[in-house]
Amino acid sequence: MTLNEIKEITEAEVLTNNSDMNIQIDRGCSSDLMSDVLAFSRPGSLLITGLTNETVVRSSEFANMKAILFVRGKKPNTKTIALAEEKKIPILATKLSMFEACGRLYIKGLGSDN
Amino acid sequence: MPDVVREGVFFLKGKDFDNAGAASSEIKAVLEQMGVDRSIIRRAAIASFEAEMNVIIYTPAGILRYKIAPDYINVVFDDVGPGIEDVDLAMKEGYSTAPDFIRDMGFGSGMGLPNIKKNADELKISSQPGVGTNLEFIIHIKKINEAPGNS
Amino acid sequence: MKLQEIVDSLSLEVKTPSSDLTKEVTGGYVSDLLSDVIANSKEGHVWVTLQTHQNIVAVAALRELSGIILVNNKIPEPETLKKAEEEGIPIMVTSLPAFEIVGRLYALGLRCR
Chain S
1 MTLNEIKEIT
11 EAEVLTNNSD
21 MNIQIDRGCS
31 SDLMSDVLAF
41 SRPGSLLITG
51 LTNETVVRSS
61 EFANMKAILF
71 VRGKKPNTKT
81 IALAEEKKIP
91 ILATKLSMFE
101 ACGRLYIKGL
111 GSDN
Chain X
115 MPDVVREGVF
125 FLKGKDFDNA
135 GAASSEIKAV
145 LEQMGVDRSI
155 IRRAAIASFE
165 AEMNVIIYTP
175 AGILRYKIAP
185 DYINVVFDDV
195 GPGIEDVDLA
205 MKEGYSTAPD
215 FIRDMGFGSG
225 MGLPNIKKNA
235 DELKISSQPG
245 VGTNLEFIIH
255 IKKINEAPGN
265 S
Chain H
266 MKLQEIVDSL
276 SLEVKTPSSD
286 LTKEVTGGYV
296 SDLLSDVIAN
306 SKEGHVWVTL
316 QTHQNIVAVA
326 ALRELSGIIL
336 VNNKIPEPET
346 LKKAEEEGIP
356 IMVTSLPAFE
366 IVGRLYALGL
376 RCR
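Chains as they are written, first to last, in this note's numbering: chain S, 1 to 114; chain X, 115 to 265; chain H, 266 to 378.
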């Protein structure tokens, strides 16, 4: 599905400027622990997390995540958003819980890292 | 031993989470500029990042030194932290000595050292409790493109 | 729905033999941040996480969660299992990643409310 569809399904807002909302993302990976994302994720996924520090963007860069969706109404600070823009990683944020966000995306067809 | 092509050094400050990962990010950028294979860049970046995070989470300070030659990447971490009591135990997935507040920051699930080992071709760790730790990893790479005019 | 139904339909491995799987599950919660689970989970939720430290049992007992599902084949620490048996908190393991298992729980009708 496209990043735009992900945004619609999770009622999210886009926090980064000039993000390409038409990129295709086929898999979701949800975690609040970055080492595990690095160990288990497959490149090209959507990272779904409630952790908003800068390390999330760095981890996403190393794990080759295509975009990040922050859940639970959490938002990163401007420095983190700037870093994501620099690394060309779109950031979305939703008020939904991680459970609800993942659930909705799953039943609409977003795959997993399995 | 082939000539070193690129090298660098970074100071890593303990608990400086704002800049955590910046050093590894630069190494990744250098590898990308050099045209190294993508899967090798991923392995090097992850291994470097995990080691960098360990220094920042557990120690007051450390130094990262990297050397990139045509056929290998070598990264060395030296810190003045508490050291690792039992390296074999620390290498077990899920084993963690992280204090609780670290877990709540999203770290400390015990995957760091195993992740480094998984991604590196060679890994050497020596540690003296109370003094510090030295961690070195090497990743072999296929010959990368030389600049025009060099042969 | 009861915990047993979830165990059966999602092929979860139960690591605590003395567990009461007839517990009614009120919904699902997924998070690896303990403070977040303490703040936002609800009684009866089944908790999906990759944390294996014994703290997870204390959190589950505090919030009266119906059970904990560990993902990616995570192995619970021996201390964690011991505490879980003492507190009556079922610990289950799946080989699936969090996104997948949450998706399936959602497909079964569980919500996070």
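Even glycine gets a Cβ: it sits at the ideal position worked out from N, Cα and C.
Look at the alpha carbon of LYS181 (chain X) and the alpha carbon of VAL119 (chain X), and state the distance between them as a whole number of angstroms. Numbered from its first residue, the second sequence carries residue 181 (chain X) at position 67. Numbered from its first residue, the second sequence carries residue 119 (chain X) at position 5. Annotation: LYS181 (chain X) to VAL119 (chain X) spans about 8 Å, alpha carbon to alpha carbon.
Flag this pair as yes or no: are the beta carbons of ALA101 (chain S) and PHE70 (chain S) separated by less than 7 Å? Position 101 of the first sequence holds residue 101 (chain S). Position 70 of the first sequence holds residue 70 (chain S). In this structure, PHE70 (chain S) does not lie closer than 7 Å to ALA101 (chain S) by Cβ.
Grouping DSSP H, G and I as helix and E and B as strand, with all else coil, what is GLY226 (chain X)? Mapped onto the second sequence, residue 226 (chain X) falls at position 112. Reduced to three states, the DSSP call for GLY226 (chain X) is helix.
So the beta strand (DSSP E) VAL324 (chain H) belongs to, where does it begin and stop? To locate residue 324 (chain H), count along the third sequence from 1; it is residue 59. From DSSP, VAL324 (chain H) is part of no beta strand (DSSP E) but of the alpha helix (DSSP H) over 320-327.
Using alpha carbons as the reference points, say which of X:ILE141, X:SER153, X:ALA158 and X:SER139 lies closest to LEU237 (chain X). Along the second sequence, read from residue 1 onward, the residue named residue 237 (chain X) stands at position 123. Answer by Cα proximity: X:ALA158.
Taking only three categories from DSSP, how would you classify ALA143 (chain X)? The sequence position of residue 143 (chain X) within the second sequence is 29, counting from 1. Helix.
How is the beta strand (DSSP E) around LYS181 (chain X) delimited, first residue to last? If you number the second sequence from 1, residue 181 (chain X) lands on position 67. Looking at the DSSP string, the run of the beta strand (DSSP E) that includes LYS181 (chain X) is 175-183.
Can a CB atom of chain X be found closer than 7 Å to the CB of LEU298 (chain H)? Here the question's residue 298 (chain H) lines up with position 33 in the third sequence. At least one chain X Cβ lies under 7 Å of LEU298 (chain H).
Tell me, to the nearest whole angstrom, how far the beta carbon of LYS390 (chain H) is from that of PRO341 (chain H); I am working on the premise that it is less than 8 Å. The question about residue 390 (chain H) has no answer, for chain H in this structure spans 266 to 378.
Please report whether the beta-carbon of PHE131 (chain X) lies at a distance below 7 Å from any beta-carbon of chain H. For the purposes of this step, residue 131 (chain X) is taken as residue 17 along the second sequence, with counting starting at 1. Chain H contact via Cβ: absent.
Could you please give the first and the last residue of the uninterrupted beta strand (DSSP E) stretch that includes LYS383 (chain H)? With chain H running from 266 to 378 in the structure shown, residue 383 (chain H) is simply not present.
For the region 38-57 of chain S against the region 239-256 of chain X, do three or more pairs of beta-carbon atoms, one drawn from each stretch, fall closer than 8 Å, so that the two count as touching? no
Per DSSP, the bridge partner or partners of ARG378 (chain H): Mapped onto the third sequence, residue 378 (chain H) falls at position 113. Paired residues: none, contrary to the question.
For PHE364 (chain H), which three-state DSSP category applies? Here residue 364 (chain H) refers to the residue found at position 99 of the third sequence. PHE364 (chain H): helix per DSSP, three-state reduction.
Presumed contact (8 Å Cβ cut-off) between GLY135 (chain X) and GLU166 (chain X), rounded CB distance: Your numbering for residue 135 (chain X) matches position 21 in the second sequence. Your numbering for residue 166 (chain X) matches position 52 in the second sequence. Their Cβ separation, rounded to whole angstroms, is 6 Å, which keeps GLY135 (chain X) and GLU166 (chain X) in contact under 8 Å.
Within the continuous alpha helix (DSSP H) that includes GLN24 (chain S), where are the two ends? Stepping through the first sequence from its first residue, residue 24 (chain S) is reached at position 24. That residue, GLN24 (chain S), is in no alpha helix (DSSP H); it is neither H nor E in DSSP.
When you compare only the Cα positions, how much space is there between LEU335 (chain H) and PRO184 (chain X)? Within the third sequence, numbered from 1, the residue matching residue 335 (chain H) stands at position 70. Within the second sequence, numbered from 1, the residue matching residue 184 (chain X) stands at position 70. Those two C-alpha atoms are separated by around 43 Å.
When you compare the CB of THR317 (chain H) with every CB in chain X, is at least one pair closer than 7 Å? Stepping through the third sequence from its first residue, residue 317 (chain H) is reached at position 52. Cβ-Cβ to chain X under 7 Å: yes for THR317 (chain H).
Measuring CB atoms only, is the region 26-36 of chain S touching the region 293-301 of chain H, in the sense that at least three cross pairs come out at less than 8 Å? With the cut-off at 8 Å, the region 26-36 of chain S and the region 293-301 of chain H touch.
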